[in-house]
Structure formats: C-alpha cells, structure tokens
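Have a look at the structure below before the remarks.
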Amino acid sequence: MRKITKIIILFIFLFVIGIFYISLTRDTNYNTSSLVNKDTPEFKIISFDDENYFTRDDIKKNNYTLINFWASWCAPCRVEHPILMKLSKTKNLVILGINFKDKEPQAKTFLSELGNPYDLLAKDKNGKHSVKFGIYGIPESILINKELMIIQKFVGPLSVDDYNNIIKIIK
Amino acid sequence: MLSNLGNILLFLNVILSLSIIYTANRNLKISGGVNKNIFQLSLIQSTSIIVCFFVLIAAFIVSDFSLITVYQNSHSLKPLFYKIAGTWGNHEGSLLLWAIILSIFSFLFLVHNKNHPKKFRLFTLIIQNILILGFLFFILFNSNPFSKISPIPLEGLGLNPILQDPALAIHPPLLYIGFVGASIYFSAAIASLITNYSEKSFSLSIKNWVLISWCFQTLGILVGSIWAYYELGWGGFWFWDPVENASLLPWFAMTALFHSLIVFEKRNLFYFWVIILCLITFILSVTGTFLVRSGILNSVHTFASDPSRGVYILIFLSLMIFGSIFLLFQKYKKENYDLNRNSKETFILVNNWFMMFYLITVLLGTIYPIFTDAITDNKISVGPPFYNAIIFPVVVIFLLFMALGPSAKWIKNKFENIRIYFYILAGAIGLNLAIIFFFKSYSLLSNFIIISALFLIISSLMDIAKALKRNKLDFARIISHTSFGFLVLFIGLNDIFSLEKDYNIKLGETKKFENYSIQLQNLDLKNYKNYQAVIGKLEIKNINSNQTNILNPEIRIYNKPKTLTYEAAIKTSLIKDYYLTMSNIDRSDYYNIKFQKKPLMAWIWISVIMIVVGGSIRLFNNAKNN
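Chains as they are written, first to last, in the numbering used here: chain V, 1 to 171; chain R, 172 to 797.
Dropping the structure here:
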C-alpha cells in the first residue's frame, strides 16, 4: 500500500477518535442549562402563517419573553397548556410559541380546541432552529429579558412551581 | 452475599482468560494438536460467566437492593418477568451479557473449527480473550453490576416503564448476539493476518459465524422496530434515531461481508476486502456502543450515559482500530482483480459498493452532528429528510442489480435472455400503473421504488422456475432476496396509502372522516400491580362495509418511577393496521386521539422474518455440508 494512503487512513481515524474525545470532555454538551445567563443566540424563524420572520429584535421590544417549544403530538405539551394559558393573561410577558416538527392542520386543531396562549407564533418544521436553543425534546421553555439574556430554562412541562417562579421574576 | 459471589466469579473469569492466553501462547510453540487444557479452560470460562449472570438475575428476582444496579433498575412490585428482563435492561447488566457472548462464541469457535490450522485457532482464541479481558476490566472497574450501596435502600427506583415490554425484553439479547458475535470473526481476521492464513478455507471457518450474527442482528433490529411501533405511539417503525443507526451500521458491513465471502470461497478473490469487512463490522459495533453509552449522542436509548464510561470504551476502541490498521498495513499486498464486468463476482462487488454507500451515508448522518458541535460549536440535527433523500433513490438501482446479479454466472456471463428482463420490467411497470389506477395515489419516487421492488420479486420467482428445471434450487438466496423485494414493496405501499387523523374528542362524541367514523364510547379506570390505567373504548366504523372494530388505547400511570405512558391500541389484520393513541388534556373533558390506518404493516414484519429464514436455511445447509 502506498505510504500516502496509509497516512491518510491513519489521519482519518486519528481525527475521528480525536473528535470523539473532545466531545466526551465537553461535559456541558447536552446539558442545556449552560445557556442560562448567556445571550440569546441569533435566530431567524418563520411565523406560523408564513407571513413574516421573527428575530432577536422581536424579543428586544418586550420586558420579558417566554419562548415555548411545543407540538400537537406531544402529550406533555397538553399537560403544561393550562399554565401557558394562565401565563398569557399576565402583563409584562410575551409568549413566543415555536411549533416543533409538527403538521400544520394538527397544530391548528390543538390551538383551536385548547386555546391559543401565544402572542407570537412561529414554526420549526425540521427542528433545525430549535437546536440553537439546545432543544432536543419538547416541551421546553426559555425565559428571556429585555437585554436578551436567557434567565431561565425549563426542560419538560411547566409546573405550578415554574409558574410561580416566572410570575415572581417578571413582577 | 450475592455481591461477593458475583465479584468472585468476575475475578475468576479474569484469571481464566489470562490462563487461556498463557496456555495458548505456550501451546503455539509446541508441535501437535491444541492442548486439551485449553478446551477445558474455555468451557469453565463460559460456564462461570453464565453462572455469574445468573447470580445477577437472582439478585433482581429477590430484589436485593444492596446492589446499586438492582436498586436503580428494579422494584419489588414489578412482575417477575420484568425483574428478570431488568437484568439486561441497564448498562451494567448488559455488559455482562456482552462478556457472556464473547466467551461462548470463543468456546464454540474453538470446538467447531478443528479442521483449520492450529496456529490460526490459537491466535483467534488469544485475540478473543484479550477482548474478553478488556470487557471484564471495564465491568470490574467502571461498570460493576455487583457494586454495593449502603445503607441498603428499602425499595428500588423501578425500571423505566417504557422498557417494560416483552419485545424489549428479548431485543437486547438478540442484538448482542448479532454485534457482539461479530467479535469472533474480528479475532479470526486478526489471527488470519498474523498467521498468514489466507487460503479459501479461511472463509469456511468464519462464514457460519457471520451468518449467525447477521440473522440475530436482523431479528434484533426487527424486534426493536416492532417495539417502537407499538410502544412509542408515533405509528412509525423506523426513526433514524442515532441508536437505530448504530445497529444498522454493523448490519450493512455484515451483509457486505457474507456476500464477499461467497466470492472468496468460490474464486479466492477479495481476501483483504473480506478481512477489512470482518474488522470494521466489530469496530462499528464497538463504535455504536461508545456513541450510545458515553452520552455524546442524545436518543431514546439514553438510559445509560456517563462520560467516564465513554473514555474507557474510546481507549478500547482506539486500541482495536490502531492495532488492526497496523497489522493490516504490515500484511497488505495489492490484489489484482481481473474481473469480467459481466460476472457474478462483479455483481457481488456491486452489492458491496451499495452496502458501503449506505454504511457511509448512515455513519455520516449519525456522527456529523458530533463533528460540527466539536469543531464549530454549531449544533445541527440530522433527521429523516436527510436519510430519505439519500437512501431511497439509490434503493431503486440497488434492487435492479439485486435482481440481475444472482442469475449471472461465475467468471464470465452472457445474458442469454436479455429480452426476458424487459418483459419483467414491463410487467413491473404495468402492475405499478394498476396500483396507481385502482388506489389513486401518486409520487414519483415511490413509483420507482415499487417498480424496482416488483422487478426483483418477479425475477426471483422466475429464477425458481429456472432452477427447478435444472434441479439446482438455492432456496436460501431466493427466499432472502424475494423477501427483501417484498419488504421494500410493502414499505413503499405503506408509505403511500397510510392515513392519519388527529382529533380532540369527548365521551360519547363521534367524528367522521372519509369513509370512517370514530366514537369514544366508554372510559374505564383500572388498577394493576405496578400501574393504573385509563382505558378508552373507541369504535371505528368503516361506513362503506359497515365493519366495526373496537380499540382500547390506554393512558398508564406508573408509580415507580412516576411516569405517564400512552399505550397505542392496534388492530392488526393482514391487509391493514388500525393504530390509535389517546392522551388526556389537563382540566378538560376532552381526550386527544390520533388515528392511523397503516396498510400491510404485518407484511413488513413477515418480510423481515422471511429474510432471516433465508439466512437460517443457508446456515443449516452449510452445517449439513460440513
């Protein structure tokens, strides 16, 4: 076998193993709570009705924004829904819903039958944008302040405690 | 007590492995046959590791919560069956299962290959025992299922309810026999390189092991899919989840391997290619284990993730990879393949190219997110659209080759009756048009897939007719290939003709769509040993045929750990499945139901089973001929 082939093969394997090792040592990897106290990532996400895009500018306008990732197929999303409905009635908070890997008719049925708590509604059909926010499973919610800093991250359905917590923060 | 016994047995196994390596090494230098002591040591090794596993099972059965593994994965109220299945439903226990399969395969390989050179057999044994030692150290020092906890808890945390399922109880053992079984031909390949055993007969020593591991791997993947279909409630059976991919990667390599072995055995070609495939099959198995167990990939199987395990498996993996590469570089000699473009060898080589293409596609899709994350800090997600876009169009060409290949002759082939293939193609297109005409559905790619699948099926059936005339019927191949054609056909038809509806429904309410109506007739609350269930009674009525079916989806509330699960109700028939899941909507009288009609599901499972039947027939034939 030619030397150059050997070197390339060795290099590829070294590279793969090196990457595996780096990934291992990054313990913050999927622990998305590391996003807390960080800046909101740049994003541009299409609205549910396909008419416009939402970006960080839409968050800057509000005192507090709660980004909630949901889908009609997600059973725990139904569990947290009443809490979102309650939160939607509070002042000082804008809720941006991101419909995650969902089918539009089903998402509409979901909202029309359970109520729509979202001030802004966007969709992420392939789950590509949500990854920026460290979203791998839903429901998840992120609370952001006017300075675009992520204050808190809620993994799993919002509970009554989470509700009280949010109310305390946005007072 | 059980903890001590387990640990003693683990240490005993370490000593046994070392003794086997030592004795085998000494035996290498002496002329004569393989030392009898080695057989005995190997037998004791297999027995003692099995006993060790039974000790762990016993700990699960008696709910001995002094063991951390039992405490974390069991509960005294769990049914006996799931207490036992819990033994391998966790990281530590499953590693013990790894060690068992490594040891048993090691022993059986030694016993069953008496006609092969002594040196080759002894080296295979030595390499296999080095692998066994690696795993034993991993178990003892990092993932010991017999570690104690103090003070002893009164109750266990319970097994994740989603894993409490008969299909999942048998899924891991099947899959492990598949990809851990690949270890034996990894060892044999290394031994063959070391001892320069590159004759055709080398293929005889490993081909049955490749077939065994392939059959079990296929079954393991099938059972996993069936579980996902029944349990996860999405109505799909394959999600391109990283862990599913991890099981598919060695499968591609195995499939390529046993096809190449046919050429190697017949024509003494492709020796190094066969060796490379042997090596990468097991390397991919260990890579899969690394990806799943280290937690660097997120998936439905993240029951076992811990970076410290990752480091250990990564070291083990690196040693395997660089050891193999080093040896291969030393021994590699350029082989000249003087292949006729139209011959069976070429067709089999083409099969291998396709397998490698699939392998690389799936491998890239699986590890690419890790790479971008590590290098650019950019998190991306590779999902079904990627795989569907790349894999399925290529399947069309693959199936055409698969139809032509088997009837080609060795060395040089003439297509005697090329016209007949045009007739078959025309027939396939005609049938496809009939399907579109009668069922009114259209999608370009699915049509191509259906045409090529039909082409393969018809050609295989014609082969039977031809072979019967000549009295040379290769049942194994025909069954596997035809079933693969059917598998693709059924997946294609299933994809086109599936129907999905989603409603919020109240007790007594009826929803109508197309020619169906669904009524939520009743809700029932039942208490079971380890969970409570809300059971819905829904009537599905086909308005045209007036046929009614009652389906009972469940919402289960498990106590330990406290979890809600949604059990799909599935009515299976040979033509179609009705698939219904139900979930509650908090503080409302409504229930959300998702109804799916999925045609030909049963046939998808049957096709895969038939593919394995083909493999098993080949295995039995080989055994008979030996």
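Positions of the beta carbon are idealized from the N, C-alpha and C atoms, including for glycine.
query	result
To be precise: take each residue of the stretch 515-545 of chain R, compare its Cβ to all Cβ atoms of chain V, and keep it if any distance is under 8 Å. Which residues remain?	Ile-538, Ile-541, Phe-542, Asp-544 and Ala-545
Out of Ser-318(R), Lys-682(R) and Leu-639(R), point me to the one whose CA is closest to Asp-673(R)'s CA.	Lys-682(R)
Could you tell me whether the Cβ of Gly-481(R) comes closer than 8 Å to any Cβ of chain V?	yes
Consult DSSP for Lys-437(R) and reduce its assignment to one of helix, strand or coil.	helix
Kindly examine the ligand COA and report whether one of its heavy atoms sits closer than 7 Å to the Cβ of Asn-198(R).	The model depicted lacks the ligand COA and carries no ligand whatsoever.
For a contact defined as C-beta to C-beta under 8 Å, what are the partners of Gly-395(R) on chain V?	None at all; the shortest Cβ gap to chain V is about 20 Å.
Between Ser-88(V) and chain R, is there a C-beta pair that is closer than 8 Å?	no
Should Arg-292(R) go down as buried or exposed, given a rule of 16 or more other Cβ atoms within 10 Å for buried?	buried
Is any beta-carbon of chain R found at less than 8 Å from that of Val-160(V)?	no
For a cutoff of 8 Å on Cβ pairs, would you count Ser-198(V) as touching chain R?	In the structure as shown, chain V starts at 1 and stops at 171, and residue 198(V) therefore has no counterpart that could be examined.
Decide if the stretch 309-328 of chain R is in contact with the stretch 276-290 of chain R; the criterion is three or more beta carbon pairs, one per stretch, under 8 Å apart.	no
Could you tell me whether any Cβ in chain R is nearer than 8 Å to the Cβ of Glu-113(V)?	yes
Closer than 7 Å by beta-carbon distance: list the chain V residues that pair up with Gly-305(R), in chain order.	Chain V residues near Gly-305(R): none, gap ~16 Å exceeds 7 Å.
Name, please, each residue of chain V whose Cβ falls closer than 7 Å to the Cβ of Asp-673(R).	Ser-72, Gln-106 and Thr-109
Please name the residue in Ala-638(R), Leu-660(R), Phe-306(R) and Phe-443(R) whose C-alpha comes closest to that of Glu-506(R).	Phe-443(R)
Could one say the Cβ of Leu-35(V) lies closer than 8 Å to chain R's Cβ atoms, at least one of them?	no
May I ask you to list, following chain order, the residues of the stretch 307-319 of chain R that have a beta carbon less than 7 Å from some beta carbon of chain V?	none
For the pair the stretch 418-432 of chain R and the stretch 523-537 of chain R, tell me if three or more CB-CB distances fall below 8 Å.	yes
Would you please verify whether the beta carbon of Tyr-53(V) is less than 8 Å from any beta carbon of chain R?	no
For a contact defined as C-beta to C-beta under 8 Å, what are the partners of Phe-461(R) on chain V?	Phe-20
Nearest to Gln-690(R) by alpha carbon, out of Leu-307(R), Val-705(R), Phe-655(R) and Ile-764(R)?	Ile-764(R)
Considering only C-alpha positions, which residue in the set Phe-252(R), Ala-704(R) and Leu-296(R) is nearest to Ser-234(R)?	Phe-252(R)
Would you list the one or two residues that DSSP bridges to Asp-673(R)?	Lys-765(R)
Is any beta-carbon of chain R found at less than 8 Å from that of Gly-97(V)?	no
Within 10 angstroms of the Cβ of Gln-299(R), are there 16 or more other Cβ atoms? Answer buried if so, exposed if not.	buried
Could you give the DSSP three-state label for Thr-258(R): helix, strand or coil?	coil
Looking only at its own chain, which residues have a Cβ that is under 6 Å from the Cβ of Phe-474(R), when we skip the five neighbours before and after it?	Because Phe-474(R) sits at a pLDDT of 47, beneath the cut-off of 50, its placement in the model cannot be relied upon, and the following sentence gives the value as read from the coordinates. If we look at Phe-474(R) and ignore the five residues flanking it on each side, it has no Cβ neighbours.
Show which residues of chain V have a CB atom less than 9 Å away from the CB atom of Gly-679(R).	Neighbours of Gly-679(R) on chain V: none; closest Cβ ~17 Å, over 9 Å.
In chain V, which residues lie with their C-beta within 9 Å of the C-beta of Pro-556(R)?	Asn-126
Nearest-angstrom Cα distance between Leu-120(V) and Ser-72(V)?	17 Å
Let me confirm a value: Asn-603(R) is counted as buried when at least 16 other C-beta atoms fall within 10 Å, else exposed. Which label applies?	buried
Under 7 Å Cβ to Cβ from Asp-645(R), same chain only, skipping five residues before and after it: list those, please.	Ala-638
With three or more C-beta pairs closer than 8 Å as the rule, is the stretch 384-394 of chain R touching the stretch 729-749 of chain R?	no
If you compare alpha carbons, which of Phe-100(V), Val-160(V) and Gly-156(V) is closest to Ile-46(V)?	Phe-100(V)
I'd like to know whether the C-beta of Asn-763(R) is nearer than 8 Å to at least one C-beta of chain V.	yes
In three-state terms, what does DSSP make of Phe-236(R)?	coil
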